[in-house]
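Undergrad: My structure is below; once you've seen it, I'll send some questions.
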Amino acid sequence: MFADSSLLSLVIWTPIFGGVLVLLASKDEQAGAARWISLFFSVLTLLMTIPLYTGFDTTTHQMQFVEQVPWIATYNINYHLGIDGISMPLILLTAFTTVLVVIAGWEVIKHKTAQYMSAFLIMNGLMIGVFSALDAILFYVFWEAMLIPMFLIIGIWGGVNRVYATIKFFLYTFLGSVFMLIALIYMFTQSSSFGILDFHGLKLGITEQIYIFLAFLIAFAVKVPMWPVHTWLPDAHVEAPTGGSVILAAIMLKMGTYGFVRFSMPIAPDASNQLDWLMITLSLIAVVYIAFVALVQKDMKKLIAYSSISHMGFVTLGFFIVYTIAESTNSLSGAAMGIEGALVQMISHGFISGAMFLCVGVMYDRLHSRQISDYGGVVNTMPVFAAFMVFFAMANAGLPGTSGFVGEFMIILSAFKANFWIAFLAATTLIFGAAYTLWMVKRVIFGEVANEGVAALKDLNNREFFVLGVLALAVLLLGIWPAPLLEVMSVTVENLVQQITQTKL
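Following our numbering, the numbering of the sequence shown begins with 8 at its first residue and continues without gaps.
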């Protein structure tokens, strides 16, 4: 398991190869072949990720399924891959979500179908590469290359203002990444290596750590996104096709929070400790203020987009509350609970946000509107769909028994060990989340049939039922039985907490 293996490479490059192959069926009359080839390679990739879970050793924090071969020997840059209890669940989530996106777009995308499916397959491989890379330059290449397919997905298949949204998305994320590259190059000059694990062992002074932390903060905060660099996300979501919104919310946002635990906290632990007040403040602003912004939205996609920002604020809070807990209680168990809760929240948000955007997509395909005011009484014409949407809305609000409750409960519980008022402000999300989510559901789903368009709606077909049903099972299973996920990440998180709470000065 710890020996050199090609499994991670296969998981990364199989969907990319499939995406290139799909492009050969680039004519619209070959759309059927493009769909089936895309489904085959997305399912194949998902099946190949299963051994990552079944063969994973939960008793060690060491990297597993490691591959390392020289790439650019002059600068000690290697093709270095490996996973631990933090990255492995995110790889499974990526492969799982891509299969559902391919199925969801089966009948919806009728223009340039092959190019659409190809973009998602290629992006699937690149995103898995981000979570697998143990060389900083390899990580950076995957990180930047991933922007290209999403740029094309929004720019070609997006809405009326897709050009504006695409350019804004690209500029925000690309410019933020420049600061990360500068930090990586500086650390190379200090270690003569681009190995991420080598960076973890660097003895850096507090001034160096602060500059490095701030450089990473700019890159990762944009990707999460954190307030106040969040404004690109609602525009991107509103203009993106349904599949683009699902991948953006379920996977791409997680790369920013993944960057904090893979780079910022272990490389600059003292700076993370000194600046934890900043991260906690920004996180609480996202949780509280952005929830109020979500409450007044008229566009369903924009409301869910702001909801994502609020929920991702919970994730960063869970990460950076660790230092306050360690100092106030001299116990690492509460700190570990906060990080584990944040990681569970990342996976849960992937399921729930993806499902919410798919629900909006189902209605948009029928009525071609995302405006809440254009709906009302959907339960009367689409009762099965209404049941799914209400379920996902309740999960989004943190209903016990769903995955949305587990991560939030763990983070709030750990926050109480640090500071009552931090926990109190964080816990308001249970109220605000219910407010904006259920307010939307009330106006869209319940009541009398609002207009002729709603009266003509048809309920879910078999394809839509399958996609939403699978996500509902995932949300329910994680909510009732989170143990398999917690067992995978437990040892890795305990090691991370010990690593970041021990001074390196």
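Every residue, glycine too, gets a C-beta built ideally from N, C-alpha and C.
Who are HIS87's beta bridge partners in DSSP?
TA: HIS87 pairs with GLN75.
Undergrad: Going by CA-CA distance only, name the one from LEU420, VAL386, HIS244 and MET370 that's closest to ILE346.
TA: ILE346 has its Cα closest to that of LEU420, out of LEU420, VAL386, HIS244 and MET370.
Undergrad: Which term fits PHE127, buried or exposed, when burial requires 16 or more other beta carbons within 10 angstroms of its beta carbon?
TA: Result: buried.
Undergrad: Distance, Cα to Cα, VAL369 vs ALA247?
TA: Approximately 14 Å, taken between the alpha carbons.
Undergrad: Going by DSSP in three states, THR288 sits in which element: helix, strand or coil?
TA: DSSP places THR288 in helix when its eight states are reduced to three.
Undergrad: For the pair the stretch 343–357 and the stretch 319–329, tell me if three or more CB-CB distances fall below 8 Å.
TA: The answer is yes - the stretch 319–329 touches the stretch 343–357, with three or more Cβ pairs under 8 Å.
Undergrad: If we ignore side chains and look at the alpha-carbon of each, how far apart do GLY383 and LEU464 end up?
TA: Using only the alpha carbons, I get a separation of about 11 Å.
Undergrad: Look at THR56 and ALA102 and say whether their C-beta atoms are less than 7 Å apart.
TA: Cβ atoms of THR56 and ALA102: closer than 7 Å.
Undergrad: Go through its chain and collect everything with a Cβ distance to TYR147's Cβ below 8 Å, but skip five positions before and after it.
TA: SER184, MET187, LEU188 and LEU191.
Undergrad: Taking C-beta to C-beta, are SER49 and VAL109 nearer than 7 Å?
TA: A contact, by the Cβ cut-off of 7 Å.
Undergrad: Buried or exposed: PHE9, going by 16 or more other Cβ atoms within 10 Å of its Cβ?
TA: No answer about PHE9 holds up, because its pLDDT of 39 lies below 50 and its placement is not dependable.
Undergrad: Can you tell me whether THR238 is buried or exposed? The criterion is at least 16 other CB atoms within 10 Å of its CB, across all chains shown.
TA: That one is exposed.
Undergrad: Just the Cα atoms here: how many angstroms apart are ALA442 and SER16?
TA: Using only the alpha carbons, I get a separation of about 44 Å.
Undergrad: CB-CB under 8 Å to PRO390, same chain, minus the five flanking residues each way: which ones, in chain order?
TA: The residues are ASP466.
Undergrad: Select from VAL500, VAL397 and MET259 the residue whose C-alpha is nearest the C-alpha of LEU133.
TA: Of VAL500, VAL397 and MET259, the residue nearest in Cα terms is MET259.
Undergrad: Please state if the CB of ASP64 and the CB of THR499 are separated by a distance shorter than 7 Å.
TA: Not in contact: THR499 and ASP64 (Cβ atoms no closer than 7 Å).
Undergrad: Pop quiz: PRO22 and ILE129 are said to be a contact at Cβ under 8 Å. What is the actual Cβ separation, rounded to whole angstroms?
TA: With a Cβ gap of about 7 Å, PRO22 and ILE129 count as contacting.
Undergrad: To the nearest angstrom, report how far apart LEU478 and ILE359 are at their CA atoms.
TA: Between LEU478 and ILE359, the C-alpha separation is close to 8 Å.
Undergrad: For GLY202, name the three-state secondary structure that DSSP assigns.
TA: Of the three classes helix, strand and coil, the one that applies to GLY202 here is strand, per DSSP.
Undergrad: Quick one: Cα of LEU182 to Cα of ALA226, how far?
TA: About 8 Å.
Undergrad: What residue range is occupied by the uninterrupted alpha helix (DSSP H) comprising LEU483?
TA: First-last of the alpha helix (DSSP H) with LEU483: 469–487.
Undergrad: Determine the extent of the alpha helix (DSSP H) in which TRP446 is found, giving its start and end residues.
TA: Residues 436–452.
Undergrad: Quick one: what's got a C-beta closer than 6 Å to ALA312's C-beta in the same chain, skipping five residues either side?
TA: Excluding residues within five positions, the ones whose Cβ falls inside 6 Å are LEU240, PRO241 and HIS244.
Undergrad: If you run the structure through DSSP and keep just helix, strand and coil, what is ALA140?
TA: ALA140: strand per DSSP, three-state reduction.
Undergrad: Can you give me the start and stop residues for the alpha helix (DSSP H) that ALA457 sits inside?
TA: Looking at the DSSP string, ALA457 is not in any alpha helix (DSSP H), and its letter there is neither H nor E.
Undergrad: Counting only the same chain and skipping the five closest in sequence on each side, list residues whose C-beta sits under 6 Å from that of ALA404.
TA: Only GLY440, ALA441 and THR444 meet the Cβ criterion.
Undergrad: Which residues in the same chain as PHE149 place their Cβ atom closer than 7 Å to its Cβ, once the five residues preceding and following it in sequence are excluded?
TA: Same-chain partners within the cutoff: LEU133, GLY136, VAL137 and ALA140.
Undergrad: Whole angstroms are fine: how far does the CA of GLN75 sit from the CA of ASP11?
TA: Because ASP11 sits at a pLDDT of 44, beneath the cut-off of 50, its placement in the model cannot be relied upon, and the point is left open.
Undergrad: At the level of alpha carbons, what is the spacing between ALA152 and PHE177?
TA: If you take the alpha carbons of ALA152 and PHE177, they lie about 11 Å apart.
Undergrad: Are GLY486 and SER410 closer than 7 Å when you measure CB to CB?
TA: Yes, the pair counts as a contact, with Cβ atoms nearer than the cut-off.
Undergrad: Could you pull out every residue in the same chain whose Cβ sits closer than 7 Å to the Cβ of ALA343, ignoring the five residues on either side in sequence?
TA: VAL500, GLU501 and VAL504, listed in sequence order.
Undergrad: What does the Cβ neighbour count give for LEU480, buried or exposed, with the cut at 16 atoms within 10 Å?
TA: That one is exposed.
Undergrad: Could you tell me which residues DSSP puts in a beta bridge with GLN378?
TA: DSSP, once it has assigned bridges, lists ASP306 as partnering GLN378.
Undergrad: Give, in chain order, every unbroken run of the alpha helix (DSSP H) that is at least 4 residues long and sits entirely within the stretch 348–401.
TA: Qualifying alpha helix (DSSP H) stretches, in chain order: 385–388.
Undergrad: Can you list, in chain order, the stretches of the alpha helix (DSSP H) that have 4 or more residues and sit fully within the stretch 39–74?
TA: As far as the stretch 39–74 is concerned, it has no whole alpha helix (DSSP H) run of at least 4 residues.
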